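First comes the structure, then the notes that go with it.
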Amino acid sequence: MDISRYKIQSHSDLKLAEIKTNDSGSYGSREDAEKRLVDNIQKMAEYQSKLYAQDKYALLIIIQAMDTAGKDGTIKHVMSGLNPQSTHVHSFKQPSAEELNHDYLWRAIKRLPERGSIGIFNRSYYEDVLVVRVHDLIKKQQIPAKLITENIWKERFRQITDFEKYLFENGILVVKLFLHISKEEQKDRLIGRIDDKAKNWKFSAADIAERQFWEEYQHCYQEAISETSTNHAPWYVIPADKKWFARLLVSEIITQTMESLKLEYPVIDKAQSDVLKEFRQKLAEGLI
Ligand code: ATP
Ligand code: MG
Numbered sequence: 000m001d002i003s004r005y006k007i008q009s010h011s012d013l014k015l016a017e018i019k020t021n022d023s024g025s026y027g028s029r030e031d032a033e034k035r036l037v038d039n040i041q042k043m044a045e046y047q048s049k050l051y052a053q054d055k056y057a058l059l060i061i062i063q064a065m066d067t068a069g070k071d072g073t074i075k076h077v078m079s080g081l082n083p084q085s086t087h088v089h090s091f092k093q094p095s096a097e098e099l100n101h102d103y104l105w106r107a108i109k110r111l112p113e114r115g116s117i118g119i120f121n122r123s124y125y126e127d128v129l130v131v132r133v134h135d136l137i138k139k140q141q142i143p144a145k146l147i148t149e150n151i152w153k154e155r156f157r158q159i160t161d162f163e164k165y166l167f168e169n170g171i172l173v174v175k176l177f178l179h180i181s182k183e184e185q186k187d188r189l190i191g192r193i194d195d196k197a198k199n200w201k202f203s204a205a206d207i208a209e210r211q212f213w214e215e216y217q218h219c220y221q222e223a224i225s226e227t228s229t230n231h232a233p234w235y236v237i238p239a240d241k242k243w244f245a246r247l248l249v250s251e252i253i254t255q256t257m258e259s260l261k262l263e264y265p266v267i268d269k270a271q272s273d274v275l276k277e278f279r280q281k282l283a284e285g286l287i
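Take 0 as the starting number for the sequence shown in numbering that gives the first Met the number 0 and just add one per residue.
Take a look at the structure:
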C-alpha cells in the first residue's frame with residue numbers, strides 16, 4: 000500500500016478541508032482490508048520482537064484527533080498483537096497543577112518509550128498548540144507574561160520540531176497520526192452514543208461543547224500539522240470516517256515504518272557461539 004499519499008510534506012500548504020475523510024484507498028471491501036490488517040498485526044509483532052532484542056531504537060506513535068474520531072478503537076484494534084511488556088500507552092488529559100507548573104514538554108518527556116519498546120501517546124504535547132490555542136489557555140501555563148507574544152505558536156512549532164529531531168537523532172522514531180473525520184460523521188457518532196444504550200457511557204457533554212469550536216480546531220490542526228511535519232517525524236492524515244480503513248492505514252504506516260529500520264536479531268560472535276556449544280554439550284551429558 001502506498002502510504003506516501005497520506006504523508007504531509009514539510010511546510011506544505013495543507014488544506015484539511017480538501018482531504019477526503021471517507022477515502023478507502025484501493026480497498027473496496029471491508030473484508031479484504033480486515034485480512035490485510037491481520038497480516039500487518041502479525042508483522043508488527045515480529046518487528047517488535049526484534050526491536051526489543053536489539054534494544055537500540057524506540058518507536059513513539061502519536062495519535063491526535065477530534066472527539067469520537069476513533070483514537071481508542073484504533074489503539075485497541077491495531078495494537079492488539081503487540082507484546083504488553085514492551086508497549087506503553089499513555090493518555091494525556093487536562094494538565095494537573097503540578098504539570099502546569101512545568102514547561103509543556105515535561106509531562107511528555109516522562110512518558111517517552113525506552114529503547115526496545117513502543118510508546119503510544121493518546122493525545123500529546125500537540126494539545127499545547129491545539130486546545131490551548133483554541134481556548135486561549137496559554138495564560139494558565141505560568142509562563143512569564145513577556146514571553147507570551149503573538150509568535151508563541153510559531154515558537155512552539157519550532158520547539159516541537161527541534162525536540163522531535165533530537166529524539167530522532169537519539170534513535171527514537173516519532174510517527175504522528177491525525178484521524179481525520181467529517182463534522183457530519185461526528186454528528187452521527189454522537190447520536191449513536193445516545194441511541195445505543197451500550198454506548199451511553201461514552202457520551203460526554205464536553206464533546207458537544209468542543210464541537211462548537213470545530214472550525215477553530217481544524218484551523219489549528221491544519222497549521223500544526225503542516226508546520227511540524229518533517230522527514231524525521233512525519234504527520235499522516237488518516238481518512239477516518241470508515242473505521243476499518245483508518246485501522247488498516249494506521250497498521251500499514253506502523254508496519255512500514257518499522258520495516259524501514261531493517262531490524263534484525265543481534266548475532267553473536269564466534270567466541271560467544273563456542274561458549275554456547277560448550278554449555279549445550281555439558282547440559283546434554285548431564286554434567287551441569
Ligand atoms: P475519551 O473521551 O475517548 O476518553 P479523550 O482523549 O477525549 O478520550 P477526555 O478525558 O475526554 O479524553 O479529554 C481529555 C481532555 O483533555 C481533552 O479535551 C483534551 O483537549 C484535554 N487536554 C489534553 N491536554 C491538554 C492540555 N495540555 N491543556 C489543556 N487541555 C488538555
Ligand atoms: Mg473525550
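Glycine included, C-beta positions come from ideal geometry on N, C-alpha and C. Just so it is clear, the structure is predicted and the values come from calculations on it, not from any experiment.
Cβ neighbour criterion (16 or more within 10 Å) applied to residue i
i, result
"T288", "The displayed coordinates of the chain run from 0 to 287. Any statement about residue 288 would go beyond what the structure contains."
"K70", "buried"
"P143", "exposed"
"I207", "exposed"
"A232", "buried"
"V274", "exposed"
"V37", "exposed"
"S272", "exposed"
"V266", "exposed"
"S28", "exposed"
"L282", "exposed"
"S79", "exposed"
"Y220", "buried"
"L81", "buried"
"H179", "buried"
"D187", "exposed"
"A16", "exposed"
"S95", "exposed"
Span separating the alpha-carbon of residue i from that of residue j
i, j, result
"D194", "D240", "19 angstroms"
"Q185", "T67", "6 angstroms"
"M257", "K145", "43 angstroms"
"K42", "L189", "34 angstroms"
"Y46", "L262", "7 angstroms"
"A48", "L260", "What sits at residue 48 in the sequence shown is Ser, not Ala. Computed Cα separation, rounded: 13 angstroms."
"Q63", "R4", "19 angstroms"
"V77", "I119", "12 angstroms"
"D12", "I61", "22 angstroms"
"Q211", "I18", "21 angstroms"
"D127", "Q140", "10 angstroms"
"R157", "T227", "8 angstroms"
"R155", "T86", "28 angstroms"
"F278", "A270", "13 angstroms"
"V130", "L136", "8 angstroms"
"G24", "Y124", "30 angstroms"
"S9", "V236", "13 angstroms"
"W288", "K196", "Limits of the chain in this structure are 0 at one end and 287 at the other, which puts residue 288 out of reach."
"V88", "D31", "28 angstroms"
"D268", "D161", "38 angstroms"
"P83", "L99", "30 angstroms"
"G191", "P238", "20 angstroms"
"R110", "L104", "10 angstroms"
"K14", "Y264", "42 angstroms"
"L172", "L59", "6 angstroms"
"D54", "E113", "9 angstroms"
"T73", "R132", "26 angstroms"
Residue i at chain B interface by Cβ criterion, 8 angstroms
i, result
"K175", "Any reference to chain B falls outside this structure, which holds one protein chain only."
The ligand ATP heavy atom lying under 7 angstroms from the CB of residue i
i, result
"F162", "no"
"D195", "no"
"N121", "yes"
"K269", "no"
"K14", "no"
"V88", "no"
"K109", "no"
"Q93", "yes"
"D135", "no"
"V131", "yes"
"E126", "yes"
"D71", "yes"
Residue i Cβ short of 7 angstroms to the ligand MG heavy atom set
i, result
"D66", "yes"
"S116", "no"
"D206", "yes"
"S203", "yes"
8 angstroms contact criterion, which residue i and residue j should meet: CB distance rounded
i, j, result
"N121", "T254", "Going by Cβ atoms, the distance from N121 to T254 rounds to 20 angstroms, so no, they are not a contact pair."
"Y51", "G115", "4 angstroms"
"W213", "K182", "5 angstroms"
"Y26", "L247", "7 angstroms"
"M0", "E251", "5 angstroms"
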